[in-house]
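Chains as they are written, first to last, in my numbering: chain A, 372 to 698; chain B, 372 to 698; chain C, 28 to 426; chain D, 28 to 426.
Quick reminder that beta carbons are idealized off the backbone N, C-alpha and C, glycines included.
Predicted model, so just to flag it, every value in this text is computed and none were measured.
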Amino acid sequence: MPTKLLIEAVRETMHQLMAKDDRIILMGEDVGKLGGVLRTTDGLWKDFGDKRVIDTPLAESSIVGAAIGASFNGLLPIVEIQFSDFIMPAFNEIVSEAARIRYRSNNDWNCPIVIRAPYGGGIHGALYHSQSPEAFFAHVPGLKVVATASPKDLKGLLRTAVYDPDPVMVFEHKKAYRLIKEDVPDEEYDIPLGKAEVKREGDSLSIITYGIMTYHALTAAEKLAADDINVEVLDLRTLRPLDTEAIYATVQKTGKVLIVHEDNLTGGIGGEIAALVAQHCFSYLDGPVVRLCGPDVPAMGFNHVFEGEFLISPERIEAAVRKLAAY
Amino acid sequence: MPTKLLIEAVRETMHQLMAKDDRIILMGEDVGKLGGVLRTTDGLWKDFGDKRVIDTPLAESSIVGAAIGASFNGLLPIVEIQFSDFIMPAFNEIVSEAARIRYRSNNDWNCPIVIRAPYGGGIHGALYHSQSPEAFFAHVPGLKVVATASPKDLKGLLRTAVYDPDPVMVFEHKKAYRLIKEDVPDEEYDIPLGKAEVKREGDSLSIITYGIMTYHALTAAEKLAADDINVEVLDLRTLRPLDTEAIYATVQKTGKVLIVHEDNLTGGIGGEIAALVAQHCFSYLDGPVVRLCGPDVPAMGFNHVFEGEFLISPERIEAAVRKLAAY
Amino acid sequence: MASTKEKEAADSAAQGVQVSAEIHPIAGEEAARADAASSENGYDAEHHAIANTKPKVHYTDLGLTPDDLHKMYYFMLLARSLDERMWLLNRQGKIAFVISCQGQEGAQVGLAYALQPGKDFACPYYRDLGIMVTLGQTPRDVMLSVFGRAENTDSGGRQMPGHFGIRKLNVPTGSSPIATQNVHAAGIALAFKLRGIDGVAITSIGEGGTSQGDWHEAMNFAATMDLPMIMMVENNRYAISEPQEKQMKIRNVADRAVAYGCPGVIVDGNDILDVYRASIEAVRRARAGEGPTLIEAKVNRFTPHSSDDDDKRYRDPNEVKMARAQQDPVTLFRDLMMSEGVLTEEKEQEIRDGIKRQVDDATEYALTAADPKPEDLYTYVYADHTEATVESQYESLGE
Amino acid sequence: MASTKEKEAADSAAQGVQVSAEIHPIAGEEAARADAASSENGYDAEHHAIANTKPKVHYTDLGLTPDDLHKMYYFMLLARSLDERMWLLNRQGKIAFVISCQGQEGAQVGLAYALQPGKDFACPYYRDLGIMVTLGQTPRDVMLSVFGRAENTDSGGRQMPGHFGIRKLNVPTGSSPIATQNVHAAGIALAFKLRGIDGVAITSIGEGGTSQGDWHEAMNFAATMDLPMIMMVENNRYAISEPQEKQMKIRNVADRAVAYGCPGVIVDGNDILDVYRASIEAVRRARAGEGPTLIEAKVNRFTPHSSDDDDKRYRDPNEVKMARAQQDPVTLFRDLMMSEGVLTEEKEQEIRDGIKRQVDDATEYALTAADPKPEDLYTYVYADHTEATVESQYESLGE
Ligand SMILES: Cc1ncc(C[n+]2csc(CCOP(=O)(O)OP(=O)(O)O)c2C)c(N)n1
Ligand SMILES: Cc1ncc(C[n+]2csc(CCOP(=O)(O)OP(=O)(O)O)c2C)c(N)n1
Ligand SMILES: [Mg+2]
Ligand SMILES: [Mg+2]
């Protein structure tokens, strides 16, 4: 099986899907000739042309809103938000509109759009090119939310998302684009939304996480294994709907849980997971539910010192695991 | 001490503040001659005129954005969003701008604005005049978030908010405007942001809540007292910063906690509170941390059947308490 | 730096500066007249003067038959009559909320009548009952919506009245946040273009709504890509309590078309034929791939903003009284047809009787129709896992 | 309904329809010329033709002295030189990111020079280094920003370069999301008006940014309330890779002023005096309470969008080469001054030497200046409870 970078998986998946189904269009800023500022859409414009790879005006609300309209009229639009930080002007169209189409019309209409957005830090993007806004959307009934750094998972999840009859947000970790390489089958496949995956089995303690933190957790787990701390790493992959079954299963197995995400601590999706665990696995718990998250500051700063201090490293995960394991 | 409705407290507080300090202006849709569609600003235009009570164009992003700018140039703007559901077009200005002004400028600039918004259901407002969007903002470092249904608390909190040097969101429960009446001192006073209040002492179980649910919890508590279930009701009043001290204190006292809010369950502020409790009060807990929240549907529908089914009544709180008390 | 020199320099500077005319080049003359005559509050005799200066067009020149005219009249009157019945029901305490089309039916029916149902799309706003009945929403369905009944097609009682949406009529579900539907229309038009179908997406909004960023983005998106969209602005001079002057400095919303490079057309919304004339030209442009058209219809709002509003707080009652007397699109069209000999007293009575029967029937039907069931709250959040939602919610509610 | 009749009716209908001119009334003639000459890609000789048709103004007619001209030249050249040094440092791997003012300094300095520092406010965008140095940002501070050093006034290393904000210069802190600063400027202008101060708020943006809803809302807010705001659009014909044609159907952004009822002015951004002429008139209007002005400066982007961009993917290198050769605002201004006898070779060398010393000094200084400390991450989220934040975060990070 060929190994691919996350960014290669993104491009290849869109290319495969678009080649087979001309209802699929791609809309966004600089997605055409330039191939995206991060090159996520490189090659698509050449093969599918102006009509299906659409350089839009610089106005996110209309990009999402027009995608919603296009989905009403027979198309399956994929929207690229250039950086997830710039999704905010489209918040109304996503939250008030896309998310509520099916419900408010009593199942008469639906909104099969996909919104892709590169998220996360580590590329010196400072306050406005490093954010992790996924929790805002995971709070919204009517939306489905994917967040991943895995090339293999992205490929299957993106395909499922495009054919999901409801709006799906896909957050791709931008630092992972050129960092994470995995075996990715050439042929198409689906990975269901709402299914987490155990990326590493263990019985001492569970790390529940997603995105690039999965890989940092795996790195930490390798080191901890040397000291007989066997960490199970659950990669959520989808943040809404949450795979509560998988969450409860791992907690019931290990009795201890560390939740890790890059997004700010307070009000992040980690709180929701901790709450679910505290309510539904109370009697299985052998220790407090601990969160290791991005600090409650607006985002990491430009200077590398800020980035280093903000980001959660394998070492920080390791330290947190040791503390909890010793509880 | 005179008793006042919530809406009277809102008006009176703004009036008192504006009369004393001409840096304070009020901006919003229909806040002038009409006195607000819900009459929250009735009388202000008459006394303070066009210049300080400003009917703006129908464009929330510019209302908030202009308030930010006005705060840079010596004013203390209070923005009224007509219904909190319509705050979404201003999401970018609030989250990307107001919240990050101090941080991104390294303390060179600050943004002393207040954004008031009527929230919550129970007035047949259907999907778009009933929402509880407070959790979105409680997730944002740099914002402070008040949510209340108490006339007495609102008066003190609003005054503090106006003089807070950072942006403060004030969510006023719209069903409470003409429902909740309390003793409210005539003279001005401050209530600090970030301080919860125990509205009823008890030792069997803690209800942690805010807004109109506080009053429903108190109603339920009265009934439960007859069966010797002594509920402590903690009204958070401010959702960011959370009064963790008060939260931990009540949990440590009773060992059982029911979190109640009208906002949707998943990703609501209740998850954050449950997570904090699960992490910091683990050894004090005598039962699972339970949440009783608005269901995960886009919002309550127009028909009274939908509203009745969505909303959390005193009876539902009572039932949930009995179940948890019996754990 | 420049502070001291500014004043001296300003004169000479001003000469060389290119300053845009503040007024739409074509509407300019009329606008000047209107500005002179407008009064800050109260009745604004000139609100329609701009549109009225055009030569009247004869219906036969528009390709319309007497039968078309009867239909157009029927749709206008049906919308009006349903609306009036709603107010009655509201005042009787039987329904919670009304938001009205009254005064704007000429604009609505005139535009919708230019469409090809089943092919074209419409993204209307809350006042557009006239568009809805023209496209085929039945009186029963309309009444079911104001009672919030389960059987209603718009939303099954989930949304407030005026939140239209019927898939089989190509009317996407609408919401409350102002101007979002305009952007959807641009996207629908984009899909028409990409799919090679010569369909049209119409959308509408009030003049106040054009202040929203989404309105600008919709116009710019459609104009930049030459999309088959028609944006109708129903300018009734009020956004709830705020007069047009608080929304914009300009008098004619149609001038905004200049910013997008597409035609901006002013029509007399009280004259359904004037609206129709502009609409078929806009439809022709759209189908021919010539891009969007902005149509501003000068209309009146004959009612308070909604049944929750008290317009005496900000509006002279005389204003409405005079507008109703002189500028009622329904009356004006009837009078025109009478004078043209297209309508007789008998024919009119026949139409009125038919409508009355329909409105009565619809009211009766809706009065006793079933409400949604509590468990309907939990359905249709997504296509799948509805079950899961129901269960988990009952659990979370402690039941 | 109307489908069959549409075609026949269209002709007669079209006659009566009021269709707006698609072109700005004053710029119309020039625009027509420009349209004819424009080429899809590559060098666009006519981009500036519109602005160039105006009679040249003499600096003395603008109230400017030779000393003013030297200062203006100094600011332009300082911005250019700092910018060039940044690219050098970037190519040496010493700094992570550059976003350039090059090609747009005439517009920037021409506008900023019309302001009264300490009183007026400026909400610039990321290219506006020319505005910043004119208002008083020091070369050292600029260099500190590109290295992200703790001492930088804009953000102390928190934000990327080009995110300006210095309280003592009345420059509010800027961010990345496009067009938000425009709305802030409207609010600043509102405060001036309410406080009875005759200050001005200037703000700027690229032509692509005018597609944003916030841009529309800012213009409409300021125009409706007659606020003292100046909106400068620096039209360099590209939004990253997207040519102007993908952002809008119109050729002149200044036409958009028609939508708001304020003047829209086109200036030749390569001619600092033309910019200054329009700016002082706009400033006069603002101070006199006459409302906002939209100024469109036709400029070129001499560099890729940023140091992360590869503009060969979408732009013919010749285009930049020719623009640099023929339309460099710095060179053109120098040549003008030379031909006017206002600048000598010696004086120019003196200015250049001074700037080189400053840029060298700033680079040296910034190279070795201190980085922020890790604990600085936690400060200034709020005015109060900073302590609490630091503690709780270290805890949450498991340390
Ligand atoms: C985003 C948003 N803000 C505010 C409102 C509340 N609101 C509903 S209608 C209305 C006025 C609309 O005026 P206009 O666009 O002129 O339409 P008209 O009602 O006059 O036909 C307002 C402010 C809303 N629905 N959505
Ligand atoms: C809301 C938002 N969307 C997207 C971006 C990414 N972005 C940064 S600059 C830019 C292009 C701006 O073009 P223009 O306004 O013409 O200014 P120029 O760079 O040409 O001076 C884009 C798309 C952003 N910063 N903010
Ligand atoms: Mg209106
Ligand atoms: Mg540009």
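Problem - Partners in chain C for A/PRO522, counting only beta-carbon separations shorter than 8 Å - result: To locate residue 522 of chain A, count along the first sequence from 1; it is residue 151. None at all; the shortest Cβ gap to chain C is about 26 Å.
Problem - D/HIS243 Cβ short of 7 Å to ligand 2 heavy atom set - result: The residue you call residue 243 of chain D lines up with position 216 of the fourth sequence. No, Cβ of D/HIS243 sits at least 7 Å from all heavy atoms of ligand 2.
Handout entry: Other residues of its chain near B/LEU535: CB distance less than 7 Å, five sequence neighbours each side excluded
Key = Taking the first residue of the second sequence as position 1, residue 535 of chain B is located at position 164. It is worth fixing the name first, because residue 535 of chain B is Asp in this sequence and not Leu. Closer than 7 Å at the Cβ level, and outside the excluded window around B/ASP535, lie PRO483, LYS515, LEU564.
Exercise for the section: Tell me, to the nearest whole angstrom, how far the beta carbon of D/GLU269 is from that of A/ASP426; I am working on the premise that it is less than 8 Å. Expected result: As a position in the fourth sequence, residue 269 of chain D is number 242, starting the count at 1. As a position in the first sequence, residue 426 of chain A is number 55, starting the count at 1. About 5 Å separates the two Cβ atoms, so the contact holds.
Exercise for the section: Can you give me the start and stop residues for the alpha helix (DSSP H) that C/GLY237 sits inside? Expected result: Within the third sequence, numbered from 1, the residue matching residue 237 of chain C stands at position 210. Residue identity check: residue 237 of chain C is Thr in the sequence provided, not Gly. Here C/THR237 belongs to no alpha helix (DSSP H), and DSSP marks it neither H nor E.
Practice task
Taking all protein chains shown into account, decide if C/TYR287 is buried (16 or more other Cβ within 10 angstroms of its Cβ) or exposed.
Solution key: Walking along the third sequence from the start, residue 287 of chain C turns up at place 260. Label assigned to C/TYR287: buried.
Handout entry: Check: C/ARG342 C-beta below 7 Å from any heavy atom of ligand 1
Key = Against the third sequence, residue 342 of chain C aligns to sequence position 315. No, the beta carbon of C/ARG342 sits no closer than 7 Å to any heavy atom of ligand 1.
Problem - Sequence-distant residues of the same chain with beta carbon closer than 6 Å to A/ARG693, five excluded per side - result: Along the first sequence, read from residue 1 onward, the residue named residue 693 of chain A stands at position 322. There are no such residues.
Problem - DSSP-derived helix/strand/coil call for A/PRO685 - result: Taking the first sequence and counting its residues from 1, the one referred to as residue 685 of chain A is at position 314. Correct three-state label for A/PRO685: helix.
Handout entry: Pairwise C-alpha distance: D/VAL173 and D/TRP114
Key = Looking up residue 114 of chain D in the fourth sequence gives position 87. Looking up residue 173 of chain D in the fourth sequence gives position 146. Using only the alpha carbons, I get a separation of about 10 Å.
Handout entry: Beta carbon of B/CYS664 nearer than 8 Å to that of B/GLY638
Key = Translated into positions along the second sequence, residue 664 of chain B becomes position 293. Translated into positions along the second sequence, residue 638 of chain B becomes position 267. No, the pair does not count as a contact, with Cβ atoms beyond the cut-off.
Exercise for the section: Check whether the region 500-513 of chain A touches the region 599-613 of chain A, counting contact only when three or more Cβ pairs, one atom from each stretch, lie closer than 8 Å. Expected result: yes
Handout entry: Proximity winner among C/LYS146, C/GLN131, C/PRO144, relative to C/ASP155 (alpha-carbon distances)
Key = Sequence index remark: in the third sequence, residue 155 of chain C carries index 128 (1-based). Ranking the options by Cα distance to C/ASP155, first place goes to C/GLN131.
Handout entry: Outcome for D/TYR407 when other beta-carbon atoms lying within 10 angstroms are tallied against a minimum of 16
Key = The count along the fourth sequence starts at 1 and reaches residue 407 of chain D at position 380. Result: buried.
Handout entry: Classification of C/ARG379 by the beta-carbon crowding that lies within 10 angstroms, buried from 16 upward
Key = Stepping through the third sequence from its first residue, residue 379 of chain C is reached at position 352. By the 10 Å Cβ count, C/ARG379 comes out exposed.
Problem - Amino acids of chain C, ordered along the chain, whose beta-carbon sits closer than 9 Å to that of D/GLN274 - result: For the purposes of this step, residue 274 of chain D is identified with residue 247 of the fourth sequence, where counting begins at 1. Ordered by position in chain C, the residues that pass the 9 Å Cβ test against D/GLN274 are ASN247, THR251.
Handout entry: Cα-Cα separation, D/ILE267 to A/ASP401
Key = By 1-based counting over the fourth sequence, the position of residue 267 of chain D is 240. By 1-based counting over the first sequence, the position of residue 401 of chain A is 30. Their backbone Cα atoms lie some 7 Å apart in a straight line.
Handout entry: The beta strand (DSSP E) enclosing A/THR609, as first and last residue numbers
Key = Stepping through the first sequence from its first residue, residue 609 of chain A is reached at position 238. Its beta strand (DSSP E) spans residues 609-611.
Practice task
Under 8 Å between beta-carbons, which chain A residues line up against C/SER231? List them in chain order, please.
Solution key: Start at 1 with the first residue of the third sequence, and residue 231 of chain C comes out as number 204. Result: empty, since nearest Cβ-Cβ is about 15 Å, beyond 8 Å.
Problem - Beta-carbon spacing of A/ALA488, A/ILE465 below 8 Å - result: Locating residue 488 of chain A in the first sequence gives position 117, where the first residue counts as 1. Locating residue 465 of chain A in the first sequence gives position 94, where the first residue counts as 1. Taking 8 Å as the Cβ cut-off, A/ALA488 and A/ILE465 do not qualify as a contacting pair.
Problem - Of the residues A/GLY493, A/ILE562, A/VAL602, the one placed nearest A/ILE579, counting alpha carbons only - result: Along the first sequence, one-based indexing puts residue 579 of chain A at 208. Of A/GLY493, A/ILE562, A/VAL602, the residue nearest in Cα terms is A/VAL602.
Practice task
With a threshold of 7 Å, establish whether the CB of A/ILE630 neighbours any heavy atom of ligand 1.
Solution key: For the purposes of this step, residue 630 of chain A is identified with residue 259 of the first sequence, where counting begins at 1. Checking every heavy atom of ligand 1 against the Cβ of A/ILE630, none is found closer than 7 Å.
Handout entry: Environment of C/ARG264 [buried if 16+ CB atoms lie within 10 Å]
Key = The residue you call residue 264 of chain C lines up with position 237 of the third sequence. The residue in question, C/ARG264, is buried, as its Cβ has 16 or more Cβ neighbours within 10 Å.
Practice task
May I ask which residues mark the beginning and end of the alpha helix (DSSP H) holding A/ASP634?
Solution key: One-based indexing of the first sequence puts residue 634 of chain A at position 263. From DSSP, A/ASP634 is part of no alpha helix (DSSP H) but of the beta strand (DSSP E) over 628-635.
Problem - Inter-residue CB distance, B/ILE439 and B/ALA390 (contact presumed, cutoff 8 Å) - result: Residue 439 of chain B sits at position 68 when you count from the first residue of the second sequence. Residue 390 of chain B sits at position 19 when you count from the first residue of the second sequence. Not a contact, Cβ separation roughly 25 Å.
Practice task
Whole angstroms is fine: what's the gap from C/ALA410's alpha carbon to A/THR412's?
Solution key: Position 383 of the third sequence holds residue 410 of chain C. Position 41 of the first sequence holds residue 412 of chain A. Looking at the two C-alpha atoms, the distance is approximately 29 Å.
Handout entry: Short-range partners of chain B found in the region 144-162 of chain D, where Cβ spacing is below 8 Å
Key = PHE148, CYS150
Exercise for the section: Ignore the nearest five residues each way along the sequence and tell me which others in D/MET170's own chain have a CB closer than 6 Å to its CB. Expected result: The count along the fourth sequence starts at 1 and reaches residue 170 of chain D at position 143. Hits under 6 Å: ALA389, THR390, ALA393.
Problem - Members of the region 495-521 of chain A near chain B, C-beta cut-off 8 Å - result: LEU498, TYR499, ALA506, PHE507, ALA509, HIS510, VAL511, PRO512, GLY513
Handout entry: Within chain A, the residues that C/GLU244 reaches when beta carbons sit closer than 8 Å
Key = Position 217 of the third sequence holds residue 244 of chain C. Within chain A, the residues near C/GLU244 are PRO428, ALA430, SER432, SER433, GLY436.
Problem - B/LEU682 versus A/GLU689: straight-line alpha-carbon distance, rounded - result: In the second sequence, the residue the question calls residue 682 of chain B occupies position 311. In the first sequence, the residue the question calls residue 689 of chain A occupies position 318. Going from the Cα of B/LEU682 to the Cα of A/GLU689 covers about 44 Å.
Exercise for the section: Examine chain A for any beta-carbon lying closer than 8 Å to the beta-carbon of D/LEU404, and answer yes or no. Expected result: Residue 404 of chain D sits at position 377 when you count from the first residue of the fourth sequence. Output row for D/LEU404: interface = yes.
Exercise for the section: Answer with buried or exposed for D/THR230, where buried requires no fewer than 16 other C-beta atoms within 10 angstroms of its C-beta. Expected result: Reading the fourth sequence from its first residue, position 203 is the one you call residue 230 of chain D. Buried is the call here.
Practice task
Using only the heavy atoms of ligand 1, determine whether one of them is closer than 7 Å to the beta carbon of C/PRO151.
Solution key: Mapped onto the third sequence, residue 151 of chain C falls at position 124. Not under cutoff, so the answer is no.
Practice task
Express the C-alpha separation of C/ASP94 and C/LYS374 in angstroms, rounding to a whole number.
Solution key: Counting from one through the third sequence, the residue named residue 374 of chain C turns up at place 347. Counting from one through the third sequence, the residue named residue 94 of chain C turns up at place 67. Taking the straight line from one Cα to the other gives about 11 Å.
Exercise for the section: Assuming B/ASP561 and B/GLY527 form a contact by the criterion Cβ under 8 Å, report the distance between their Cβ atoms to the nearest whole angstrom. Expected result: The count along the second sequence starts at 1 and reaches residue 561 of chain B at position 190. The count along the second sequence starts at 1 and reaches residue 527 of chain B at position 156. About 6 Å; that satisfies the 8 Å criterion.
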